[in-house]
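S.K.: Here's a structure for you.
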Amino acid sequence: MEYEQICPAIAPVFGYFGVMAATVLSNMGAAYGTAKAGVGIMKAGVIVPELIWKNLIPIIMAGVNGIYGLITAIIILNNIAQPNQDGFRVYSLYTSFGHLAAGLSCGLCGLASGMCIGVSGDAGIRSFTQCDYMSKTEPKGQGFGRKKKKAGAENVFVGSVLIQVFGGNLALYGMITAIILTQTSYDCEDN
Amino acid sequence: SPYGWGSFGIAFGLGLSVVGAAWGIWLTGSSLVGAAVKAPRIRSKNLISVIFCEATAIYGVIMAIVLNGLMKKPEDSSYADGVFLENWDYNTWYFAGFGVFCSGLSVGLTNVASGVSVGIAGSSCALADAQDPSLFVKILIVEIFASALGIFGIIVGIIQSNSSQFPDKLIG
Numbered sequence: 249m250e251y252e253q254i255c256p257a258i259a260p261v262f263g264y265f266g267v268m269a270a271t272v273l274s275n276m277g278a279a280y281g282t283a284k285a286g287v288g289i290m291k292a293g294v295i296v297p298e299l300i301w302k303n304l305i306p307i308i309m310a311g312v313n314g315i316y317g318l319i320t321a322i323i324i325l326n327n328i329a330q331p332n333q334d335g336f337r338v339y340s341l342y343t344s345f346g347h348l349a350a351g352l353s354c355g356l357c358g359l360a361s362g363m364c365i366g367v368s369g370d371a372g373i374r375s376f377t378q379c380d381y382m383s384k385t386e387p388k389g390q391g392f393g394r395k396k397k398k399a400g401a402e403n404v405f406v407g408s409v410l411i412q413v414f415g416g417n418l419a420l421y422g423m424i425t426a427i428i429l430t431q432t433s434y435d436c437e438d439n
Numbered sequence: 029s030p031y032g033w034g035s036f037g038i039a040f041g042l043g044l045s046v047v048g049a050a051w052g053i054w055l056t057g058s059s060l061v062g063a064a065v066k067a068p069r070i071r072s073k074n075l076i077s078v079i080f081c082e083a084t085a086i087y088g089v090i091m092a093i094v095l096n097g098l099m100k101k102p103e104d105s106s107y108a109d110g111v112f113l114e115n116w117d118y119n120t121w122y123f124a125g126f127g128v129f130c131s132g133l134s135v136g137l138t139n140v141a142s143g144v145s146v147g148i149a150g151s152s153c154a155l156a157d158a159q160d161p162s163l164f165v166k167i168l169i170v171e172i173f174a175s176a177l178g179i180f181g182i183i184v185g186i187i188q189s190n191s192s193q194f195p196d197k198l199i200g
């Protein structure tokens, strides 16, 4: 194959689109998660204000997705080769498609993970706060009683954090695949 | 033409960041004004949410100024009669054009997401503050996390723009 087909001038577009996909899509997921869980914190904070610190966990996990996108974008950027001193193109189409795939995999996984953390975090926050509120205001001597309801609230909290951890794992899978994909490289040689 | 790619990148970077900031301010502002009907004390404190949204627009302006500085006019010795001379570095020229385009687009689209998120968080902050004044600072933390996403975008944009140097003279 000829030089014009292996290292065309259009190759950096695909590489840079990979960088763009990694950062934009994973930050969109993080934004969705932050917004959705933020509304939940508002609704729950009006009822029991002391639990807001515990309820910030979904926000932190959604923000971490944005950081995964940033890391992947920087790794891809370091591997995009500039034309060398004599103006010879070194960056091949093969490498650029690998970088595009890496960016898309990290970005779309981050988007999915962020949406998951947002929806499940919102539900978890509201349920945990509702349980805690019920355990404080339940009249004594009826049904399960306050101690069992309080233990029930702790269980709900642990369950909701577990769900968010599993949801955040999805972005991690995407980032691992992206890092493996960025190892693909082929440079055109100047003869 | 790479100058066209670069200019579109600058336009998208600035325009989309402002779209994100405007979206956020509209979301925050309508909740703020509506809640202030019943609880006028929240007016001045909650303007900080509007300032957080405006910060995403400022990230777009910073990026546009940085990218604008990268697009250099070629020296008079490198072209004649409206075409470039023989040794013009076409490959670096195209590489830089694509880089500036994608850098602007990264920052712009990230700021759209960040602006919307800050807007929703700001509107819930205003509504919570109207019900219970002690909640304001706690829900502001959510907004800080949301505006950090805009910073991630501008970090990627600046690193990307470092390697996109437009050539301004012939090779050699």
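Residue numbers (our numbering), protein chains in the order written: chain F, 249 to 439; chain W, 29 to 200.
Think of the CB as a built atom: it goes at the ideal place given N, C-alpha and C, for glycine as much as any other residue.
#1: Quick one: Cα of Q253 (chain F) to Cα of V287 (chain F), how far?
#2: Please check if any C-beta of chain W sits within less than 8 angstroms of the C-beta of N403 (chain F).
#3: Using a C-beta cutoff of 8 angstroms, does N327 (chain F) count as contacting chain W?
#4: How would you call D380 (chain F), buried or exposed, if buried means at least 16 neighbouring beta carbons within 10 angstroms?
#5: For Y122 (chain W), return the contacting residues in chain F, with the cut-off set at a CB-CB distance below 7 angstroms.
#6: Thinking F40 (chain W) and G132 (chain W) are a contact (beta carbons under 8 angstroms), I'd like their distance in whole angstroms, please.
#7: In the DSSP assignment, the alpha helix (DSSP H) including W33 (chain W) goes from what residue to what residue?
#8: What residues from chain F crowd round I187 (chain W), counting only those whose CB sits closer than 7 angstroms?
#9: Let me know the secondary structure DSSP gives D160 (chain W) once reduced to three states.
#10: Would you please verify whether the beta carbon of L73 (chain W) is less than 8 angstroms from any beta carbon of chain F?
#11: Pull up the DSSP beta-bridge partners for A141 (chain W), would you.
#12: Which residue wins for smallest C-alpha separation from F265 (chain F), given the options W:Q188, W:K197, W:F194 and W:I199?
#13: Check this for me: beta carbons of G185 (chain W) and M99 (chain W), under 8 angstroms apart or not?
#14: Of all the residues that make up the segment 267-295 of chain F, which are near chain W by a beta-carbon distance shorter than 7 angstroms?
#15: Would you list the one or two residues that DSSP bridges to F112 (chain W)?
#16: Can you tell me where the alpha helix (DSSP H) with D334 (chain F) in it begins and where it stops?
#17: What does DSSP give as the partner residues of D435 (chain F) in its beta bridges?
#18: Use the C-beta contact count for W121 (chain W): other C-beta atoms within 10 angstroms, 16 or more gives buried, fewer gives exposed.
#19: Taking DSSP as the reference, what is the three-state secondary structure of Q330 (chain F)?
#20: Verify the CB distance criterion: does G415 (chain F) have a CB-CB separation below 8 angstroms to chain W?
#21: Measuring CB atoms only, is the segment 151-164 of chain W touching the segment 52-65 of chain W, in the sense that at least three cross pairs come out at less than 8 angstroms?
#22: Output yes or no for whether 8 angstroms exceeds the beta carbon distance between T282 (chain F) and F173 (chain W).
#23: Using a Cβ-Cβ cut-off of 8 angstroms (strictly less than) and excluding sequence neighbours within five positions of G127 (chain W), which residues of its own chain qualify?
#24: Given 7 angstroms as the limit, tell me if A149 (chain W) has its C-beta closer than that to any heavy atom belonging to the ligand HEM.
#25: Within the continuous alpha helix (DSSP H) that includes P260 (chain F), where are the two ends?
#26: Residues of chain F with a CB under 9 angstroms from the CB of K197 (chain W): which are they?
#27: Can you give me the Cβ contacts of Y434 (chain F) inside the same chain, cut-off strictly under 7 angstroms, excluding the 5 residues immediately before and after it?
#28: Quick one: what's got a C-beta closer than 6 angstroms to D438 (chain F)'s C-beta in the same chain, skipping five residues either side?
#29: When the cut-off is 8 angstroms and only beta carbons count, does R374 (chain F) lie next to chain W?
M.R.: So, from the listed chains and residues:
#1: 52 angstroms
#2: no
#3: no
#4: buried
#5: A257
#6: 5 angstroms
#7: P30 to K66
#8: I322 and L325
#9: coil
#10: The residue you asked about is not Leu; residue 73 (chain W) is Lys in the sequence shown. Closer than 8 angstroms: no.
#11: According to DSSP, A141 (chain W) bridges with nothing at all.
#12: W:Q188
#13: no
#14: V267, M268, T271, V272, N275, M276, A278, A279, T282, A283, G286, V287, I289, M290, G293 and V294
#15: W:Y107
#16: Here D334 (chain F) belongs to no alpha helix (DSSP H), and DSSP marks it neither H nor E.
#17: F:Y339
#18: buried
#19: coil
#20: no
#21: yes
#22: yes
#23: Q188, S189, S191 and S192
#24: Ligands are entirely absent from the displayed structure, and the ligand HEM is therefore not among its contents.
#25: A259 to I295
#26: Per Cβ cutoff of 9 angstroms: no residues; K197 (chain W) is ~12 angstroms from chain F at best.
#27: S340, Y342 and T343
#28: F336
#29: no
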